[in-house]
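Here the structure is laid out as structure tokens; the discussion comes afterwards.
Residue numbers (this note's numbering): 1 to 171.
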């Protein structure tokens, strides 16, 4: 539902504006670029007394990386913050493959301040046994897999401090 709200805001309202630059870092081949955006929507059925909701987001993008038998072709974490209820969520989108059958890519995502000091790690609500681990199973070495994660979240008090991210990767 939130993705639909964001899509509607960006497509219909046309009020997205880049504000604060952010950067990504990785142990190998960092590709920088992240820009914070915001979009607003009116909640409620009438214009009188309606509340405006603003959702902010920052995107961090990495290029190609090879770890063990695995390769990742670009990847983007997008961090979201809803100012009406201080909710946060994070989404990952990448393409991965492995030269070995039945391989698993494990990733740990760190977010950092402007001085690259660690603020915390993204948490995964879909992996209660390893809350800070995101995984993608690749059963067939002849295939490339789209890796989509929608269960990430982080401390809402950190959103405005986040300027960098780094990833620990294992395969």
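The C-beta atom is built at its ideal place from N, Cα and C for all residues, glycine as well. From a predicted model like this one, the values you see are computed outputs, not experimental measurements.
Could you tell me the boundaries of the beta strand (DSSP E) in which residue i lies?
i	result
residue 109	103 to 112
residue 166	164 to 170
residue 119	118 to 121
DSSP has residue i in a bridge; who is on the other side?
i	result
residue 68	In the DSSP output, where bridge partners are listed per residue, residue 68 has none listed.
residue 79	58, 90
residue 63	In DSSP, residue 63 forms no bridge with anything.
residue 98	70
Less than 7 Å between C-beta atoms, sequence neighbours within five positions excluded: which residues of the same chain meet that for residue i?
i	result
residue 160	none
residue 86	156
residue 146	95
residue 137	104
residue 118	110, 112
residue 149	91, 92, 134
Assuming the contact rule is C-beta atoms closer than 8 Å, residue i and residue j should be a hit. Round their C-beta distance to whole Å, please.
i	j	result
residue 167	residue 107	6 Å
residue 93	residue 70	Contact doesn't hold; Cβ gap of about 17 Å is too wide.
residue 127	residue 152	At roughly 10 Å, the Cβ-Cβ gap does not stay under 8 Å, so residue 127 and residue 152 are not in contact.
residue 165	residue 116	Going by Cβ atoms, the distance from residue 165 to residue 116 rounds to 10 Å, so no, they are not a contact pair.
Using C-beta distances below 6 Å, list every residue in its chain close to residue i, excluding the 5 sequence neighbours before and after it, in chain order.
i	result
residue 99	69, 141
residue 82	55
residue 78	57, 59, 91
residue 88	81, 153, 154, 156
residue 114	163
Output needed for residue i: all residues of its chain with C-beta closer than 8 Å, excluding positions within five of it in sequence on either side, in chain order.
i	result
residue 171	67, 68, 69, 70, 98, 103, 104, 105, 106
residue 130	124
residue 139	101, 102
Requested in this report: Kindly provide the ranges of any beta strand (DSSP E) runs that are 3 or more residues long and lie completely inside the region 124 to 160, ordered along the chain.
Outcome: Runs of the beta strand (DSSP E) spanning 3 or more residues and lying entirely within the region 124 to 160 occur at 134 to 138, 145 to 153, in chain order.
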